[in-house]
Amino acid sequence: MVLSRPPRPRSARQCADPTVLEQRAWIEIDLAALTHNIGQLKNWLAPGCKLMAVVKADAYGHGVSAIAPTALAAGASSLAVATSQEGIELRQLGITAPILVLGAVNQAAEIEQLLTFDLQPTLCTPQQALIFSETLSCRSQTLGVQLNIDTGMSRLGTDWQSALSFVQFVDQLPHLHIAGVYSHFATADEPDPHFMKVQHDRFKQMVTQLRAANLCPPCLHIANSAATLSDRTLHYDQARVGLALYGLAPAPHLRDRLSLRPILQVRARITQVKTIAPGTGVSYGHKFVSDRPVKVAVVGIGYADGVPRLLTHKLKVLLRGQKITQIGAITMDQLMIDVSHLENVQPGEVVTLLGQDGEQSIGADDWAEAIGSISWEILCSFKQRLPRIYRS
Ligand SMILES: *Cc1c(COP(=O)(O)O)cnc(C)c1O
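End of the sequence shown = 420 in our numbering, gap-free, step of one.
Here it is, written out as structure tokens:
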């Protein structure tokens, strides 16, 4: 949801101007950076390879209603979502580009919606394809579908050994048109490419079999962000890029491939400042007890906004261009920081949780590493309670 388009703040401190942003906490999203990232990716893609922008889970928490149109305007050819409902929401925004639903379709009622809203489902088994074909038997329309082949992810899809017979089976079913055949890597973000190569070999073998059987699907694809960045021979007809659109590298060894810019920043305001005496506990459980007088600033953001509670005592935030230590347990709506070394800290000052302030920056990767998670999960954990503010 586009809430407002304030003048572009040049630095975090400028946001402290109450006429710019009044919120206690918010997410800033830089659509120009998204356009930049897509430009970088499009230059990198092998000739003929199109960019499919993966915008599932509300565009990885960035807000799909702003991200999807910007991604298409910047040169993405199609979109991917996880569920039919996510696809319907895109159509209701007026988006006409092809949309692939990556997840499994579980209810017959969804088939009608797929037709109505012109969404391509992923079919994973011959049984599923048969149900689709039978459900559509009384219709004159044909539904474009994509077939998922499991080359080693062991998630959705028909095993690669049975891929040929699966494709042949769907090919002869009425009311279905095979618009694409794809697979998904399990280990593309690991520095050791061994298993990615095993999966690619299985995929190549399948493509050879399909060609020999005169079944040449119009669109073959296998690469996620990590595979797209690591090896251009994996690009095929399109690359399904999620994380890299949002400006993050899937792994440290892939960081230098392109100059991607994170598009999301998370900021919150200081709501109160107090000085506590030595020996005073802070927050639930008094996990922090001061050993000296400590100037504590309360910041208006917590785990209900998407700041993981597991970051307690591991979190650094940026204030006045400096890294500041977080103290005491992170609570649902608020957290505390130690500002003892700063002069005259005032309620209303803006703290950067993720993003840039002066020379310093903190990324979703830093949070992920601190709590044993991945940046994908950090991004899609931010809640609707945080307003998204878009700048273009
Ligand atoms: C989520 C997803 C992607 C995108 O993955 P990234 O690592 O974010 O690029 C691609 N393909 C499938 C099947 C997915 O589920």
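Ideal Cβ positions, reconstructed from N, Cα and C, are used throughout, including at glycine.
Where residue i falls: helix, strand or coil (DSSP)
| i | result |
| --- | --- |
| Met364 | strand |
| Arg289 | coil |
| Asp199 | helix |
| Gln156 | helix |
| Thr170 | coil |
| Phe194 | helix |
| Val235 | helix |
| Asn176 | strand |
| Lys225 | helix |
| Ala325 | strand |
| Gln350 | strand |
| Glu162 | helix |
| Gly313 | helix |
| Gln374 | coil |
| Gln189 | helix |
| Leu151 | strand |
| Thr63 | helix |
| Leu204 | strand |
| Ala332 | helix |
| Leu339 | helix |
| Val48 | Caution applies to Val48, whose pLDDT of 45 falls short of 50 and renders its modelled position unreliable; the model cannot decide the point. |
Residue burial classification, residue i (beta-carbon count within 10 angstroms, cutoff 16)
| i | result |
| --- | --- |
| Met224 | buried |
| Asn252 | buried |
| Met360 | exposed |
| Pro126 | buried |
| His222 | exposed |
| Ala240 | exposed |
| Ala325 | buried |
| Asp333 | buried |
| Thr236 | exposed |
| Glu114 | buried |
| Arg230 | buried |
| His90 | buried |
| Pro246 | exposed |
| Leu121 | exposed |
| Asp284 | exposed |
| Arg268 | buried |
| Asn372 | exposed |
| Arg413 | exposed |
| Gly330 | buried |
| Tyr312 | exposed |
| Thr380 | buried |
| Gly400 | exposed |
| Asn65 | buried |
| His369 | exposed |
| Ser182 | exposed |
| His228 | buried |
| Glu138 | buried |
| His263 | buried |
8 Å contact criterion, which residue i and residue j should meet: CB distance rounded
| i | j | result |
| --- | --- | --- |
| Leu147 | Ser112 | 6 Å |
| Thr261 | Ala272 | In fact, because the Cβ distance is near 18 Å, the residues do not count as touching under 8 Å. |
| Ile291 | Lys344 | The pair is not a contact, with the Cβ atoms about 21 Å apart (cut-off 8 Å). |
| Val436 | Ile55 | There is simply no residue 436 to check, as the chain begins at 29 and stops at 420 in what is shown. |
| Val83 | Ala108 | 7 Å |
| Asp319 | Pro336 | Between Pro336 and Asp319 the Cβ distance is about 27 Å, and since that is not below 8 Å, they are no contact. |
| Val129 | Leu151 | That pair is no contact at about 10 Å. |
| Val195 | Leu248 | With a Cβ gap of about 11 Å, Val195 and Leu248 do not count as contacting. |
| Ser420 | Ala60 | 6 Å |
| Ser165 | His212 | About 30 Å; that fails the 8 Å criterion. |
| Thr353 | Val322 | With 8 Å as the limit, Thr353 and Val322 do not qualify as a contact, their Cβ atoms being about 10 Å apart. |
| Ile57 | Arg416 | 6 Å |
| Ile365 | Val327 | 6 Å |
| Trp69 | Leu79 | The residue asked about is misnamed: residue 69 is Leu in this sequence, not Trp. Leu69 to Leu79, Cβ: 6 Å. Contact. |
Write down every uninterrupted run of the alpha helix (DSSP H) in the region 383-418 whose length is 4 residues or greater and which is fully enclosed by it, in chain order.
Counting only runs of 4 or more, we get 392-399, 403-407.
Can you list, in chain order, the stretches of the alpha helix (DSSP H) that have 4 or more residues and sit fully within the region 67-145?
The qualifying runs are 84-88, 92-101, 112-120, 136-144.
Mind listing, in chain order, the continuous beta strand (DSSP E) runs of no fewer than 3 residues lying wholly within the region 241-298?
Listed in chain order, they are 266-269.
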